[in-house]
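The structure appears right after this line, and notes come after that.
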Amino acid sequence: MRANPVKQAWREGRAVVNGWLAIPSGYSAEVMGHAGFDVVTIDTQHGMMGFDAALGMIQALSATPAVPFARVTSNDPPAVMRLLDAGAYGIICPMVSTPEEAKGFVDACRYPPTGNRSFGPARGVLYGGPDYFAHANEEIVTLAMIETAEGLENLEAIVATEGLDGIYVGPNDLCLALGMPPVAESTEAVVREATARVVAACKAAGKVTGVFCSSGPAAAERVAQGFMMVTPGNDANLLGAAARAAVTAARGDGLGVGGRGGSGY
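In the working numbering, the protein residues as written are 15 to 279.
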């Protein structure tokens with residue numbers, strides 16, 4: 015089976031940079047896959063796509079150096095298994111609040127006897143290789159999201175779940191759970207303390223911690239804090255930022271349509 019470079023990086027103590035796809039486009043996925051990211055995650059929870067679009071995006075990513083991951087809509091075993099069968103090499107599961115939920119998620123990602131994943135890796139075999147079944151349990155990455163007050167309360171028990179590779183912090187929902195406005199890099203003490211606790215718990219258990227960030231510099235700061243998977247914004251945000259920067263540079267003096275020297279037609 016094709017080895018998972020993300021797991022190899024973690025074994026070597028290296029953090030990985032994760033691209034994030036919210037736009038339902040195979041072309042967008044292909045561009046992001048060639049941009050230098052170690053891994054690219056298709057977001058079926060808050061992204062604007064369903065399974066059909068996600069499948070095409072996984073296929074596009076499969077032709078790039080980036081490892082294809084997906085975030086599922088919820089902790090739903092059929093949804094998890096379907097994305098794995100489509101060729102996702104890692105799953106991020108939102109709103110995991112108890113060790114029982116964490117175990118249910120991991121079980122959906124692992125074939126018996128360690129889990130209850132149903133057999134039918136249609137594209138998994140095409141991407142992973144003919145010996146996919148023999149090695150999938152070791153190569154597929156499982157990340158549970160901690161983003162609720164209950165999840166924080168059960169943090170250590172969730173992290174201890176056998177077969178769980180780590181925790182992915184949902185910073186905006188975590189802020190909301192702690193009674194704070196949703197901010198990717200909150201300066202509120204209660205949020206910073208909770209985030210540091212997640213990193214420490216994962217490190218103590220030999221697991222990794224990932225997090226969504228607002229920018230590249232913010233992602234670099236998260237790596238310095240001990241995060242092993244950082245996401246410097248999604249494709250929609252990056253596109254918007256680049257477009258706004260290009261428009262500002264093109265206008266020069268800030269005058270747009272209707273101002274002096276407007277359209278030029």
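Glycine included, each C-beta is placed from N, C-alpha and C at the ideal position.
If we call anything under 9 Å between Cβ atoms a contact, is glycine 33 one with methionine 46?
-> Numbered from 1 along the sequence shown, position 19 holds the residue referred to as residue 33. Numbered from 1 along the sequence shown, position 32 holds the residue referred to as residue 46. Cβ distance < 9 Å, so glycine 33 and methionine 46 count as in contact.
First through last residue of the beta strand (DSSP E) which encompasses tyrosine 182 = Here residue 182 corresponds to residue number 168 of the sequence shown, with the count starting at 1. Unbroken beta strand (DSSP E) run through tyrosine 182: 180–183.
When Glu170, Ala102, Leu169 are compared against glycine 142, the one with the closest alpha-carbon | Start at 1 with the first residue of the sequence shown, and residue 142 comes out as number 128. Per the Cα distances, Ala102.
In chain order, each alpha helix (DSSP H) run of at least 4 residues that lies wholly inside the segment 64–149 = 65–76, 91–99, 113–123, 136–142
From Ile56, Ser88, Leu98, residue whose alpha carbon lies closest to that of tyrosine 41 | Working through the sequence shown from its first residue, we reach residue 41 at position 27. When each option's Cα is compared against that of tyrosine 41, the closest is Ile56.
Between the beta-carbon of asparagine 89 and the beta-carbon of methionine 62, is there less than 9 Å?
-> For this step, residue 89 is matched to residue 75 along the sequence shown. For this step, residue 62 is matched to residue 48 along the sequence shown. The answer is no: Cβ separation not under 9 Å.
In three-state terms, what does DSSP make of leucine 253?
-> Sequence index remark: in the sequence shown, residue 253 carries index 239 (1-based). Correct three-state label for leucine 253: helix.
Neighbourhood of alanine 17 by C-beta, 8 Å cutoff - its chain only, sequence neighbours within 5 removed = Translated into positions along the sequence shown, residue 17 becomes position 3. Answer for alanine 17: Glu153, listed in chain order.
Would you call glutamate 207 buried or exposed, if buried means 16 or more other Cβ atoms sit within 10 Å of its Cβ?
-> Working through the sequence shown from its first residue, we reach residue 207 at position 193. Its Cβ having fewer than 16 others within 10 Å, glutamate 207 is exposed.
Rounded straight-line distance, which links the Cα of leucine 192 to that of valine 31 = By one-based count along the sequence shown, residue 31 stands at place 17. By one-based count along the sequence shown, residue 192 stands at place 178. Rounded to the nearest angstrom, the two C-alpha atoms are 27 Å apart.
Integer-rounded CB distance, given that isoleucine 105 should sit under 8 Å from valine 94 = Here residue 94 corresponds to residue number 80 of the sequence shown, with the count starting at 1. Here residue 105 corresponds to residue number 91 of the sequence shown, with the count starting at 1. Yes, valine 94 and isoleucine 105 are in contact; Cβ-Cβ is about 6 Å, under 8 Å.
State the CB to CB distance for the pair alanine 219 and valine 173, rounded to an integer number of angstroms; the pair is presumed to be in contact (CB under 8 Å).
-> Taking the sequence shown and counting its residues from 1, one reaches residue 219 at position 205. Taking the sequence shown and counting its residues from 1, one reaches residue 173 at position 159. Yes, they are in contact, since the Cβ atoms of alanine 219 and valine 173 sit about 5 Å apart, within 8 Å.
May I ask which residues mark the beginning and end of the beta strand (DSSP E) holding leucine 157?
-> Walking along the sequence shown from the start, residue 157 turns up at place 143. Residues 155–160.
Simplified DSSP state of glycine 33, which is helix, strand or coil = Here residue 33 refers to the residue found at position 19 when the sequence shown is read from its first residue. In the structure shown, glycine 33 sits in a strand (DSSP, three-state: E or B).
Per DSSP, which one or two residues make a beta bridge with phenylalanine 226?
-> The residue given as residue 226 occupies position 212 in the sequence shown. DSSP output for phenylalanine 226 lists Thr245 as bridge partner(s).
Inter-residue Cα distance where the pair is arginine 274 and threonine 262 = On the sequence shown, position 260 is the one that residue 274 refers to. On the sequence shown, position 248 is the one that residue 262 refers to. Summary for arginine 274: the model assigns pLDDT 45, below 50, so the residue's position carries little reliability; its value from the coordinates is reported in the next sentence. Computed Cα separation, rounded: 16 Å.
Helix, strand or coil for threonine 175, going by three-state DSSP, please let me know.
-> Locating residue 175 in the sequence shown gives position 161, counting from the first residue. If DSSP states are grouped into helix, strand and coil, threonine 175 belongs with coil.
CB of cysteine 239 within 9 Å of CB of alanine 203, strictly | Reading the sequence shown from its first residue, position 225 is the one you call residue 239. Reading the sequence shown from its first residue, position 189 is the one you call residue 203. Here residue 239 is glutamine; the residue named in the question, cysteine, does not match the sequence. Their beta carbons are not under 9 Å apart, which means glutamine 239 does not touch alanine 203 by this criterion.
With DSSP as the reference, label valine 205 as helix, strand or coil.
-> In the sequence shown, the residue the question calls residue 205 occupies position 191. It is helical.
Alpha carbon to alpha carbon, how far is glycine 70 from proline 38?
-> For the purposes of this step, residue 70 is taken as residue 56 along the sequence shown, with counting starting at 1. For the purposes of this step, residue 38 is taken as residue 24 along the sequence shown, with counting starting at 1. So the two alpha carbons sit approximately 9 Å from each other.
Taking valine 45 as part of the alpha helix (DSSP H), name the residues at either end of that continuous run.
-> Within the sequence shown, residue 45 is the residue found at index 31, counting from 1. Unbroken alpha helix (DSSP H) run through valine 45: 40–47.
For threonine 58, which residues does DSSP report across the bridge?
-> Taking the first residue of the sequence shown as position 1, residue 58 is located at position 44. Paired residue(s): none; threonine 58 is not in a bridge.
Between the C-alpha atoms of alanine 198 and glycine 50, what's the straight-line distance to the nearest angstrom?
-> One-based indexing of the sequence shown puts residue 198 at position 184. One-based indexing of the sequence shown puts residue 50 at position 36. Taking the straight line from one Cα to the other gives about 23 Å.
Please confirm whether glycine 165 and serine 228 have their CB atoms less than 9 Å apart.
-> As a working note, residue 165 is residue 151 in the sequence shown. As a working note, residue 228 is residue 214 in the sequence shown. The answer is no: Cβ separation not under 9 Å.
Mind checking whether glycine 129 and valine 120 have CB atoms under 9 Å apart?
-> Taking the sequence shown and counting its residues from 1, one reaches residue 129 at position 115. Taking the sequence shown and counting its residues from 1, one reaches residue 120 at position 106. Cβ distance < 9 Å, so glycine 129 and valine 120 count as in contact.
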